[in-house]
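What follows is a set of notes on a single structure, which appears directly below.
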Amino acid sequence: MTSHTRDIHDDTAEPRRIYSKRNMWSGFLFGVGLAAFIDETIFHQLLHWHHFYDLSTTAVGLVSDGFFHAFSWFATIASLFLFADLRRRKALWMTRWWGGVLLGAGLFQLYDGLVQHKLMGIHQIRYNVDLTPYDLTWNIIAVIMIIIGSILVWRTRRA
Amino acid sequence: MGHGGTSASIAVELICTLIYAAAILGYTLMGLLSSRNYKSWPLYRYLCWYAGCTCAVIVIIGPFAAAAHSDFRIHMIGHLLLGMLGPLLMAIAAPVTLLLRSLPVSRARGLSSFLRSPYPALVCHPIVAALLNTGGLWLLYTTPLYTWMHQYTAVNLLVHLHILLAGYVFTISMLYIDPVAHRYGYVYRAIVAIIAAALHGMLSKYIYIHPPAGIPAGDAETGAMWMYYGGDLVQLIIIGLFCYRWYRDARPRKLVVSTALDS
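The listed protein sequences correspond, in order, to chains A and B.
For the record, in the first sequence the residue sitting at position 55 is 54 according to numbering that gives the first Met the number 0, with numbers rising by one throughout.
For the record, in the second sequence the residue sitting at position 28 is 27 according to numbering that gives the first Met the number 0, with numbers rising by one throughout.
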């Protein structure tokens with residue numbers, strides 16, 4: 000009965016509070032998916048900077064890449080359905096959602112840049128060039144996204 | 000196999016054609032007849048069934064099958080049609096639901112009690128279905144099975160049949176369009192789907208690096224990329240349908256309850 004009375008209030012703070020976690024996760028999954036999508040379309044398909052397979056790839060690199068690719072595909076679609084669900088419940092909280100997006104995208108990019116590119120050698124950002132500026136740009140952007148995302152998520156921890 | 004001429008391959012082509020015709024005619028008849036007693040069976044389901052069965056049959060017999068025999072790239076497109084797109088279209092066509100409403104009540108009860116028995120329940124468990132599906136492919140491309148498939152007609156047929164059935168079982172273990180005995184939660188199925196998709200992607204990269212015996216490296220690379228991106232495309236449809244069903248199931252129900260109370 001309590002949930003019934005809650006619905007009667009025409010107050011956006013209440014559904015936001017109930018679905019606070021869902022806002023964060025929808026954003027987070029979308030962020031992971033977005034980062035992976037940009038990686039795939041721009042760097043693999045359009046620029047051809049990244050390679051489908053690089054001879055230095057380790058077995059664990061292939062496994063990690065496989066999981067992240069499959070996960071990001073799922074995350075993109077699932078996050079959009081979660082977003083639609085929040086909207087129909089009038090529980091959408093854009094600040095928190097964007098916090099999740101930046102956090103998800105930043106963490107994915109940092110993982111991709113440090114662990115997958117460097118440790119596991121899946122492939123490099125670009126070939127036949129000095130990698131340092133590319134690696135620095137890649138990872139610094141990731142850290143900036145993580146910091147801003149964390150601030151947004153922290154500041155919206157209460158409705 | 001597939002080159003015609005031998006009596007065995009002619010028999011295989013004949014049997015497959017008959018099964019295909021029976022599937023198309025049987026489905027159409029059941030749809031039309033049961034629509035007299037129930038809600039009209041939707042057109043898109045007929046179309047999905049026809050398209051799904053056609054995807055499967057062209058991979059097993061006819062000129063496409065013959066070309067796939069000698070060209071790994073066509074073989075891989077065939078694999079996508081037989082193991083992924085065909086089963087998905089067939090699953091959307093909901094043949095079990097159609098069968099249940101077409102059969103006399105006693106027969107329909109028999110069918111639904113069979114569907115609840117241990118064997119179908121085991122095979123349709125998401126993890127078992129994923130193992131049969133993706134695990135079977137690993138077996139095919141990383142063992143001599145692939146070579147045997149091209150040497151023996153029987154192995155070839157069995158492999159094709161397995162790919163079709165495992166693809167179908169996997170699809171229905173993810174998307175509950177037809178009634179299922181035991182339902183698993185969305186998160187559970189999502190995790191299994193992600194792992195299965197990951198293993199599929201890894202296998203395509205494995206094939207890219209280690210072509211099956213007798214396949215030129217260039218063909219293996221193109222085929223592997225077909226498998227990788229083609230697989231992604233079909234998975235995109237499955238995930239979309241899967242999430243849409245969650246969205247429908249998770250709709251806020253309180254409104255419905257309150258109107259029911261009000262009226």
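By construction, the Cβ of each residue, glycine as well, lies at the ideal position given by its N, Cα and C atoms.
Item                                                                                                            : Value
Distance, B/I60 Cα to B/E12 Cα                                                                                  : 6 Å
Cutoff 8 Å: B/A259 Cβ touching any chain A Cβ                                                                   : Low per-residue confidence applies at B/A259: pLDDT is 49, beneath 50, and the placement is therefore not dependable enough to give any value.
Proximity to B/C52 [Cα-Cα], best of B/I176, B/G25, B/G230 and B/I208                                            : B/G25
Simplified DSSP state of B/L27, which is helix, strand or coil                                                  : Looking at the sequence itself, residue 27 of chain B is Thr, so the reference to Leu does not match. In the structure shown, B/T27 sits in a helix (DSSP, three-state: H, G or I).
Distance between A/V59 and B/G213 (C-alpha atoms, nearest Å)                                                    : 27 Å
B/V186 - DSSP class collapsed to helix/strand/coil                                                              : helix
Length of the line joining the Cα atoms of A/T4 and A/E13                                                       : Residue placement at A/T4 is poorly supported in this model, since its pLDDT is 45, which falls under 50; the coordinates still yield a value, given next. Cα to Cα, the separation comes out at about 11 Å.
Segments of 4+ residues assigned as alpha helix (DSSP H) that fall wholly inside the segment 154-242 of chain B : 185-208
Cβ contact check for the segment 64-78 of chain A and the segment 28-46 of chain A: 3 or more pairs under 8 Å   : yes
A/T4 at chain B interface by Cβ criterion, 8 Å                                                                  : Per-residue confidence for A/T4 stands at a pLDDT of 45, beneath the threshold of 50, marking its modelled position as unreliable; the derived number appears in the next sentence. No, A/T4 does not count as interfacial toward chain B.
Euclidean distance between Cα positions of B/I206 and A/M144                                                    : 36 Å
Neighbour-count burial assignment, B/P86, 16 or more Cβ in a 10 Å radius                                        : buried
C-beta contact flag for B/C15 and A/F80 at 8 Å                                                                  : no
Anticipated Cβ contact below 8 Å, A/V114 with A/G30, distance rounded                                           : Not a contact, Cβ separation roughly 17 Å.
Close beta carbons around A/S25, own chain, < 7 Å, minus the five adjacent residues each side                   : S78, L81, F82, L85, W96 and G99
Span of the alpha helix (DSSP H), counted from its first residue to its last, around A/K89                      : Where A/K89 is concerned, there is no enclosing alpha helix (DSSP H), given that its DSSP letter is neither H nor E.
As assigned by DSSP and simplified to three states, the class of B/I18                                          : helix
Cutoff 8 Å: B/M201 Cβ touching any chain A Cβ                                                                   : yes
Rounded C-alpha distance that separates B/H209 from A/F66                                                       : 20 Å
Cβ-based burial, A/W92 [other Cβ within 10 Å; buried from 16]                                                   : buried
Where B/R250 falls: helix, strand or coil (DSSP)                                                                : coil
Positions along the segment 18-48 of chain A whose CB lies within less than 9 Å of some CB in chain B           : none
The segment 222-241 of chain B: positions lying closer than 9 Å to chain A by Cβ                                : A223, M224, Y227, D231, Q234, L235, I238, G239 and F241
Neighbour-count burial assignment, A/W153, 16 or more Cβ in a 10 Å radius                                       : exposed
Helix, strand or coil at A/Q115 according to DSSP, with G and I counted as helix                                : helix
Coarse secondary structure for A/N138, derived from DSSP in three states                                        : helix
6 Å Cβ shell around B/E220 - same chain, five flanking residues per side excluded                               : Y207
Cβ of A/V114 within 8 Å of any chain B Cβ                                                                       : no
Closer than 8 Å to chain B by CB, A/D84                                                                         : yes
Rounded separation between B/V127 and B/A192 - CA only                                                          : 12 Å
Where the alpha helix (DSSP H) through B/G135 begins and ends                                                   : G135 to T141
B/Y145 beta carbon less than 8 Å from that of B/P215                                                            : no
CA nearest to the CA of A/S63, picked from B/I23, B/W225, B/L202 and B/M224                                     : B/L202
Contacts of A/F107 in chain B (Cβ-Cβ under 9 Å)                                                                 : Those within 9 Å of A/F107 in chain B number zero; the least Cβ separation is about 15 Å.
With 16 other Cβ atoms within 10 Å as the buried cut-off, status of B/G229                                      : buried
Whether B/K204 touches B/A180 by CB criterion (8 Å)                                                             : no
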